[in-house]
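Below is one structure, written out as structure tokens, with a few remarks after it.
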Amino acid sequence: MSLQAGGFLTQPLLPGRYAVATVPVGDTPSGEAGSLPPTDPESLARLRQSATIVSVAAGETATVHLQLKK
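Just so we're aligned, residue -8 is where the sequence shown starts under my numbering, counting upward by one.
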């Protein structure tokens, strides 16, 4: 599979519903690429508001296309 710039793959996931969101670099604790975003309940609640929900069934492959806002 060929990935476009910014694309990624995950390891196999358990069946279930997942919320997929992007986090601007400036919103990470250190502001550096590769830094993890905050995981406190308030930050996660804000991310969920703009997240894309995807359901994955056993043995299924899912593709999510996200559009970044400027």
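Beta carbons are placed, not taken as given, at the ideal position from N, Cα and C, and that holds for glycine.
Strictly by DSSP, which residues pair up with residue 45? Per DSSP, 9.
Beta-carbon spacing of residue 13, residue 57 below 8 angstroms: yes
What do you reckon, are the CB atoms on residue 6 and residue 53 nearer than 8 angstroms? no
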